[in-house]
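Peer 1: The structure under discussion is supplied below as structure tokens; questions concerning it will follow.
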Amino acid sequence: MILSRVNSQLSVASKAKVFDQKHQSERAMFEYKLSVEAKENGTFEANRIWLGLTSPYIAKETVVWCPKQGLKKVEMHQPHLNESGSLAISAKQGRADLSSQNTEYKQKSKTLNFSKRPCTLLSIPFEIVHHWDELSAGNVLYFDYTVLKVQAHTGVKLTMRDESEFKVVSVTPEKWFWRLLFGSTEYYFEGDAPKLTKIVGLLEPRDRNLRGKYVEYLGRAIFDRTVDFSMIKESNHV
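Start counting the sequence shown at -2; every next residue gets the next number (the working numbering).
Listed below in structure tokens is the structure:
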């Protein structure tokens, strides 16, 4: 992990190798760079860039998150599939814009109404650290997990457990069908510190098969250095 302070803005960065557990091969399928930055206005921004053997990259995701209001903005771009989208959230409503094969590569807008605090795979670590004490006390937390590629959301629950030297937070779909299909995605933190070491379960980005159907990846992302989210706990806004 690299920790830096630029213009009074605190940031961390790390890389992770990603393995596909559907394959017998131990070959890494992807690598991604993850960076987290604390902004002067009290929000936090995370960027994740997926890398492969081709350029410029496989996919790029960006989220903007605020401790008080939660997820504020989501952006994604997957150049090899010619897909791009964004989600702007205000209160319990979001505007999702998408251009993909599903929309015939024309921008389609859709309004999403959330009954719970929205999240994505990339913003979930923010929520975990923000609610660290509640999860450590054994409380179950519920969120609306958003999927920009299909302009939809579904309920998930977060629970924490101890496993060897790790604190493990499981993100589990509430609907049985999604549980059967994807199981739980688990975030591993180093001891009692909010330092993310690996993620096991559902991974982005998605690919498409020859029939045009989405292919999801289930596997593990292992960081070469832990990603320290202490800045969130230490923020005056938390």
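Yeah, the Cβ is synthetic: ideal placement off N, Cα and C, and Gly gets one too.
Between residue 205 and the rest of its own chain, which residues show a CB-CB distance below 8 Å, the 5 nearest in sequence each way excluded?
Peer 2: As a working mapping, residue 205 is identified with position 208 in the sequence shown. If we look at residue 205 and ignore the five residues flanking it on each side, its Cβ neighbours are 78, 98, 211, 212.
Peer 1: Can you confirm whether the stretch 158 to 178 touches the stretch 104 to 112 when touching is taken to mean that 3 or more C-beta pairs between the two stretches lie within less than 8 Å?
Peer 2: Contact between the stretch 104 to 112 and the stretch 158 to 178 is absent, because fewer than three Cβ pairs lie under 8 Å.
Peer 1: If I measure Cβ to Cβ from residue 63 and keep anything under 6 Å in the same chain, skipping five residues before and after, which residues do I get?
Peer 2: On the sequence shown, position 66 is the one that residue 63 refers to. Cβ neighbours of residue 63 beyond the five flanking positions: 40, 69.
Peer 1: Can you say whether residue 16 is buried or exposed, counting buried as having 16 or more other CB atoms within 10 angstroms of its CB?
Peer 2: Counted from its first residue, the sequence shown places residue 16 at position 19. That one is buried.
Peer 1: To the nearest angstrom, how far is the alpha carbon of residue 37 from that of residue 134?
Peer 2: In the sequence shown, residue 37 corresponds to position 40, counting from 1. In the sequence shown, residue 134 corresponds to position 137, counting from 1. Near 31 Å, if we compare the C-alpha coordinates of residue 134 and residue 37.
Peer 1: Between the C-alpha atoms of residue 31 and residue 190, what's the straight-line distance to the nearest angstrom?
Peer 2: Within the sequence shown, numbered from 1, the residue matching residue 31 stands at position 34. Within the sequence shown, numbered from 1, the residue matching residue 190 stands at position 193. Approximately 18 Å between the Cα atoms of the pair.
Peer 1: If you count every other CB in all the chains shown that lies within 10 Å of the CB of residue 4, and 16 or more means buried, which is it?
Peer 2: Counting from 1 along the sequence shown, the entry for residue 4 is found at position 7. Residue placement at residue 4 is flagged as unreliable, the pLDDT there being 45, under the threshold of 50; the coordinate-derived value follows with that caveat. Exposed, by the Cβ-count rule.
Peer 1: Would residue 58 pass as a contact of residue 119 if the rule is Cβ separation under 9 Å?
Peer 2: Position 61 of the sequence shown holds residue 58. Position 122 of the sequence shown holds residue 119. In contact: residue 58 and residue 119 (Cβ atoms closer than 9 Å).
Peer 1: Hey, how far is the Cα of residue 43 from the Cα of residue 83?
Peer 2: The count along the sequence shown starts at 1 and reaches residue 43 at position 46. The count along the sequence shown starts at 1 and reaches residue 83 at position 86. C-alpha separation (whole angstroms): 15 Å.
Peer 1: Considering only residues of the stretch 72 to 110, which uninterrupted beta strand (DSSP E) runs meet the minimum length of 3 residues and lie entirely inside it, listed in chain order?
Peer 2: Listed in chain order, they are 80 to 87, 90 to 96, 105 to 110.
Peer 1: Would you tell me roughly how many angstroms separate the C-alpha atoms of residue 180 and residue 171, rounded to the nearest one?
Peer 2: As a position in the sequence shown, residue 180 is number 183, starting the count at 1. As a position in the sequence shown, residue 171 is number 174, starting the count at 1. Their backbone Cα atoms lie some 10 Å apart in a straight line.
Peer 1: Residue 73: which of 94, 66, 197 sits nearest, CA to CA?
Peer 2: Here residue 73 is taken as the residue at index 76 of the sequence shown, counted from 1. With distances taken between Cα atoms, residue 73 lies closest to 94.
Peer 1: Output the distance between the C-alpha atoms of residue 27 and residue 169, rounded to the nearest integer angstrom.
Peer 2: By 1-based counting over the sequence shown, the position of residue 27 is 30. By 1-based counting over the sequence shown, the position of residue 169 is 172. Rounded to the nearest angstrom, the two C-alpha atoms are 24 Å apart.
Peer 1: Less than 9 Å separating the beta-carbons of residue 224 and residue 199?
Peer 2: Position 227 of the sequence shown holds residue 224. Position 202 of the sequence shown holds residue 199. No, the pair does not count as a contact, with Cβ atoms beyond the cut-off.
Peer 1: How long is the line joining the alpha carbons of residue 54 and residue 76, rounded to whole angstroms?
Peer 2: In the sequence shown, the residue the question calls residue 54 occupies position 57. In the sequence shown, the residue the question calls residue 76 occupies position 79. The alpha-carbon atoms of residue 54 and residue 76 are separated by roughly 8 Å.
Peer 1: In this structure, how does DSSP classify residue 28 when only helix, strand and coil are distinguished?
Peer 2: Looking up residue 28 in the sequence shown gives position 31. Reduced to three states, the DSSP call for residue 28 is strand.
Peer 1: Assign residue 208 to buried or exposed, taking buried as 16 or more other Cβ atoms, counted over all protein chains shown, within 10 Å of its Cβ.
Peer 2: What you label residue 208 is simply residue 211 of the sequence shown in a count that begins at 1. Residue 208 comes out exposed.
Peer 1: May I have the straight-line CA-CA distance separating residue 186 from residue 65, to the nearest angstrom?
Peer 2: Taking the first residue of the sequence shown as 1, we reach residue 186 at position 189. Taking the first residue of the sequence shown as 1, we reach residue 65 at position 68. Approximately 23 Å, taken between the alpha carbons.
Peer 1: In three-state terms, what does DSSP make of residue 158?
Peer 2: For this step, residue 158 is matched to residue 161 along the sequence shown. In the structure shown, residue 158 sits in a strand (DSSP, three-state: E or B).
Peer 1: Can you name the start and end residues of the beta strand (DSSP E) that residue 244 belongs to?
Peer 2: Residue 244 falls outside the range modelled here, since the chain spans only -2 to 235, and no answer is possible.
Peer 1: DSSP three-state label for residue 141, please.
Peer 2: One-based indexing of the sequence shown puts residue 141 at position 144. Of the three classes helix, strand and coil, the one that applies to residue 141 here is strand, per DSSP.
Peer 1: Run through DSSP, which three-state label would residue 113 get?
Peer 2: The residue you call residue 113 lines up with position 116 of the sequence shown. If DSSP states are grouped into helix, strand and coil, residue 113 belongs with coil.
Peer 1: Under the assumption that residue 220 contacts residue 126 (Cβ atoms under 8 Å), give the Cβ distance between them as a whole number of angstroms.
Peer 2: In the sequence shown, counting from the first residue as 1, residue 220 sits at position 223. In the sequence shown, counting from the first residue as 1, residue 126 sits at position 129. That pair is no contact at about 15 Å.
Peer 1: Identify, in the order they occur along the chain, each residue of the same chain with its Cβ nearer than 6 Å to the Cβ of residue 7, setting aside the five sequence neighbours on each side.
Peer 2: In the sequence shown, counting from the first residue as 1, residue 7 sits at position 10. 35, 228, listed in sequence order.
Peer 1: Taking the continuous alpha helix (DSSP H) assigned at residue 176, which residues delimit it?
Peer 2: Reading the sequence shown from its first residue, position 179 is the one you call residue 176. Note, residue 176: alpha helix (DSSP H), 173 to 179.
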